[in-house]
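Taking the working numbering, the leading residue of the first sequence gets 203, the next gets one more, and so forth. Glycine included, every Cβ here is placed at the ideal spot set by N, Cα and C.
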Amino acid sequence: MTLSIYNSLHRTKEKFEPLHPGMVSIYVCGPTVYGHSHLGHAKSYVSFDTVVRWLRHSGYRVRYVQNITDVGHLTDDADEGEDKISKQARLEKTDPMEIAQLYTRSFYEDMDAMQVLRPNIAPTATGHIPEQIALVERLINSGHAYEVNGNVYFSVDSFPGYGKLSGRTDQEAVQSGIRVEARSEKRHPSDFALWKKATEGHLMKWSSPWSTGYPGWHLECSAMSMKYLGESIDIHGGGMENKFPHHDCEIAQSEAATGKPYVRFWMHNNMVTVNGVKMGKSLKNSVNLKELFKTIDPLAIRFFILQSHYRSQLDYSETAIRASQAGLEKLRETLRRLREAKSGQRPFDMAPFELRFTEAMDDDFNTPIAISVLFELSKALNTTLDQGEGIDPDSRKQVESFLESCTIDVLGIVKPDGIGGEAVQMQSGKKLDGVMELLLELRAEARKNKDFAQSDKIRDRLLEAGIEIKDTKEGASWSQKS
RNA sequence: GGCGAAGUGGCCGAGUGGUUAGGCAGAGGUCUGCAAAACCUUGUACAGCGGUUCGAGUCCGCUCUUCGCCUCCA
């Protein structure tokens, strides 16, 4: 079986083979750090995290680069637009660097909570100004860029393939551009800035051969991708809204500079909507992750995201996410049960489940199908365990390891050192085990004597304390709940 | 206006020609002292109208509706 990936560049699924056998290079557009992360960030980074996890699981050595944008994007398209980070710094009465640091930390906190693995390299735009300047020089020298009044623009006329990703023709760009930019100093309305001269009072600026200024909107990704992954990379990921102009500009400036294909597979994830409407800061309907984490297990949010395909829109609602949490709990319960179950004689064949899971993931990372396979496996296991004879040791070991591999390593919906969703204070585990043993013993005696008032009291009080008791055929079991 | 995506049972959400998606919620049942969990049974959905086909959520056309991009945005 082979992995196929939907390539946005050709709008079709293609068999995936990396450029260098066994090694995959992937670059994903990172966040601009001027605010706390929202559910849209979660969808994007959970999706690509799962892509990376599956590639690694499939045996590839993956180098994953995800930038942190800490400069260079303006609040509007006019020359006098304010840098978003500077603006936030002004609003919070502090320094742009502090803003960038604050929200970078905040971003990683949220991603860590959802078990999004850190990228191998997380370069910042401000840390790569020389690389960006070098790329601009390269483009000027090869005739693909020109300088006017301290600004440098990329000449789209010099790159025939401009717009090939988004499917926009140059004609349209001309037509829409002419009205807006009639008096521009650009040679062509679609030309985009590589370097901008800083205006009076602009805080984030660097010296360059052309002016004291700052890099253009699209430059950092090209420069950093080339630096850390090479001039041609296997996969570049990002949100669909970035296809145009961001990714088309990246392609143009990179391929014009190197003469090589920039990206072999373009992957674009779809958006989160709230009640069917796009989530956006300007619409004031964005769902802040830190807020969400107060009431929902971060891993349940991850699970919710993975229950739809990365190329589908995901509609957020309270009820939908609650339903996901309940479903995830069911899978976790099966894993708990399997870990505690005694071995026996019953055979259990997990091969069909493993095959279907792999096929689903290999089919453009179809996590909703993969998860449905896990639910079916869960049901089959529960049915077998319900029969009380126990699964034979070999099969049991295999299926446990498979289920752990799927939920912990591949999907990241279960914590490696526990199940997830329980209270965190497990340090006193040993002591607690002893106490619980005693309590369950007392309760068992009470039940034996039909003193149900006493046994129910123990159960109810423990539940209040966050410990749930279940009576099974093999005796009572307990688990901690969050 | 241009480019693109989509409309699936109460809700979420897969599925691209022929057999059960899956989850959540609901109903009934098994088990249990009672719970909880689990399991069993239960829903015959695919925007509308035409067409192709032995056969269509699944292909084609039209209509309606929704959404995204075209300005920063995951």
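Asked, Found
"Within the region 508-590, ranges of the alpha helix (DSSP H) (whole runs, at least 4 residues)", "520-542, 553-564, 569-588"
"Pair within 8 Å by beta-carbon distance, H240 and N490", "yes"
"Contacts around C608, its chain only, beta-carbon distance under 8 Å, and the 5 residues preceding and following it disregarded", "F559, A572, L576"
"7 Å CB neighbourhood of P332 in its chain, flanking five on each side removed", "none"
"Of the residues S657, K398, W419, the one placed nearest S409, counting alpha carbons only", "K398"
"8 Å Cβ cutoff met for F567 and V253", "yes"
"Nearest-angstrom Cα separation, counted from D565 out to P321", "24 Å"
"Per DSSP, cross-strand counterpart(s) of Q268", "V230"
"Backbone CA spacing between A648 and D662 [nearest angstrom]", "14 Å"
"Identified DSSP bridge partners for K599", "According to DSSP, which records beta bridges pairwise, K599 is partnered with nothing at all."
"F218, buried or exposed, once every other Cβ within 10 Å from all chains shown has been counted against 16", "buried"
"For A400, three-class secondary structure by DSSP", "coil"
"Within 8 Å, strictly: CB atoms of S357 and H390", "yes"
"N- and C-terminal bounds of the beta strand (DSSP E) containing K217", "214-217"
"Where the beta strand (DSSP E) containing S679 begins and where it ends", "677-682"
"CA-to-CA distance, E670 to L664, given in whole angstroms", "7 Å"
"Neighbour-count burial assignment, Q589, 16 or more Cβ in a 10 Å radius", "exposed"
"D278 versus S386 - alpha carbon distance", "Confidence at D278 is low in this model, with a pLDDT of 46, below 50, so its placement is unreliable and no value can be given for it."
"R385 (DSSP reduced to helix, strand or coil)", "Any reading at R385 must be qualified, since the residue scores a pLDDT of 49, below 50, and its modelled position is unreliable; no value is offered."
"Reference P595; option with closest CA among F555, T536, F550, R539", "F550"
"Sub-8 Å separation of L642 and A678 beta-carbons", "yes"
"Per-residue DSSP class, three states only, for S260", "coil"
"C-alpha distance - K486 paired with V479, whole-angstrom precision", "11 Å"
"Option nearest Q547 by Cα separation, candidates T586, F555, R524", "T586"
"Buried/exposed call for K245, threshold 16 Cβ in 10 Å", "buried"
"Contact check, V616 vs I610, beta carbons under 8 Å", "yes"
"Close-in-space but distant-in-sequence residues of the same chain around R598 (CB under 6 Å, 5 per side omitted)", "S545"
"Secondary structure of H330, DSSP reduced to three states", "helix"
"Residue closest to E402, alpha-carbon to alpha-carbon, out of E284, L221, Y348, Y464", "E284"
"Beta-carbon spacing of H238, K496 below 8 Å", "no"
"Beta carbon of Y305 nearer than 8 Å to that of V235", "yes"
"Distance CB(P500)-CB(M316) smaller than 8 Å", "yes"
"When M442, M225, F446, S514 are compared against Y364, the one with the closest alpha-carbon", "F446"
"Spatial distance of E606 from E676 (CA atoms)", "24 Å"
"Rounded straight-line distance, which links the Cα of I498 to that of D635", "27 Å"
"Straight-line gap, Q268 to E578 (C-alpha atoms, nearest Å)", "35 Å"
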